[in-house]
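Chemist:
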Amino acid sequence: MTSVNKKFTCGLAAAGALAILMAACGGGSSGSGSPGSPTAPTGPTTATTTITISNNAVGPRDIVVPRGSQVTFINNDSRPHDMESDPHPEHTDCPAINQAGFLNPGQSRQTGNLNTVRTCGYHDHDQDQVRSLQGTITIQ
Numbered sequence: 211m212t213s214v215n216k217k218f219t220c221g222l223a224a225a226g227a228l229a230i231l232m233a234a235c236g237g238g239s240s241g242s243g244s245p246g247s248p249t250a251p252t253g254p255t256t257a258t259t260t261i262t263i264s265n266n267a268v269g270p271r272d273i274v275v276p277r278g279s280q281v282t283f284i285n286n287d288s289r290p291h292d293m294e295s296d297p298h299p300e301h302t303d304c305p306a307i308n309q310a311g312f313l314n315p316g317q318s319r320q321t322g323n324l325n326t327v328r329t330c331g332y333h334d335h336d337q338d339q340v341r342s343l344q345g346t347i348t349i350q
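If you read the sequence shown in this note's numbering, its first letter stands for residue 211, the second for the next number, and so on.
#1: Please tell me whether Asp292 and Asn265 are closer than 8 Å, where the distance is taken between their beta carbons.
#2: Contact check, Thr348 vs Val274 under 8 Å by CB: the rounded distance?
#3: Give me the DSSP bridge partner(s) of Leu343.
#4: Report the rounded CA-to-CA distance for Ala257 versus Arg277, giving the unit in angstroms.
#5: Compare the beta carbon distance of Ser375 and Ile307 with 8 Å and say whether it is the shorter of the two.
#6: So, Val281 versus Thr321, is the Cβ gap smaller than 8 Å?
#7: Have a look at Ile261, Asp272, Arg341 and Tyr332 and flag the residue whose alpha-carbon is nearest the alpha-carbon of Asp303.
#8: Please determine, among Pro299, Gly269, Ile261 and Pro315, the residue with the shortest C-alpha to C-alpha distance to Gln339.
#9: May I ask you to list the residues that DSSP assigns as paired with Val274?
#10: Report back the beta-carbon spacing between Arg271 and Gly316 to the nearest angstrom; my notes put them in contact at under 8 Å.
#11: Taking C-alpha atoms, which residue in Thr262, Ile263, Ala267 and Ile261 lies nearest to Arg341?
#12: Near Asn323, which residues of its chain fall below 8 Å by C-beta distance, leaving aside the five closest residues on each side in sequence?
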């Protein structure tokens, strides 16, 4: 086998091994469902650490943040909102989200540090069935 063929064969083997490794490491995250079940995002995810509430909706609904981040909720709506972790009414999935809590119009508040790699659901405690006030924070 020539030197070029050896390099090509080794390159193919390395690429194949890398592809298998990447597929195997896809892993799952525990989220707002039962332990071990992933939470499916409700729409496209955005890399930001700010969620704005206006017109009785959050935006962006689904975000991705680095591990250790805090997320700021800004209430630009005309009514108060109480932003909490799923599930309702226990709010136990990601307790750090609960630090945002009750926000009057014009107020903003940060979550605690989001340190565990996972996907966390959140909602407005007072309007827990309103989809426009629900979303996910994916911690990577």
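Glycine is no exception: its CB is placed at the ideal position from the N, C-alpha and C atoms.
Modeler: In terms of the structure at hand:
#1: In the sequence shown, residue 292 corresponds to position 82, counting from 1. In the sequence shown, residue 265 corresponds to position 55, counting from 1. No. Outside cutoff.
#2: In the sequence shown, residue 348 corresponds to position 138, counting from 1. In the sequence shown, residue 274 corresponds to position 64, counting from 1. Sure, about 5 Å apart at Cβ, within 8 Å.
#3: Counted from its first residue, the sequence shown places residue 343 at position 133. The partner list for Leu343 (beta bridge, DSSP) is empty, contrary to what the question assumes.
#4: The residue you call residue 257 lines up with position 47 of the sequence shown. The residue you call residue 277 lines up with position 67 of the sequence shown. Going from the Cα of Ala257 to the Cα of Arg277 covers about 12 Å.
#5: Residue 375 lies beyond the range of the chain shown here (211 to 350); nothing can be said about it.
#6: Here the question's residue 281 lines up with position 71 in the sequence shown. Here the question's residue 321 lines up with position 111 in the sequence shown. Yes, the pair counts as a contact, with Cβ atoms nearer than the cut-off.
#7: For this step, residue 303 is matched to residue 93 along the sequence shown. For the residues Ile261, Asp272, Arg341 and Tyr332, the minimum Cα distance to Asp303 belongs to Tyr332.
#8: Within the sequence shown, the letter at position 129 stands for residue 339. When only C-alpha atoms are compared, the closest one is Pro299.
#9: Position 64 of the sequence shown holds residue 274. For Val274, which the question treats as bridged, DSSP gives the partners Ala257 and Thr348.
#10: Start at 1 with the first residue of the sequence shown, and residue 271 comes out as number 61. Start at 1 with the first residue of the sequence shown, and residue 316 comes out as number 106. Contact flag wrong, Cβ pair sits at about 21 Å.
#11: In the sequence shown, the residue the question calls residue 341 occupies position 131. When only C-alpha atoms are compared, the closest one is Ala267.
#12: By 1-based counting over the sequence shown, the position of residue 323 is 113. Counting only Cβ-Cβ distances below 8 Å, and skipping sequence neighbours, we find Gly278, Ser279, Gln280 and Ala306.
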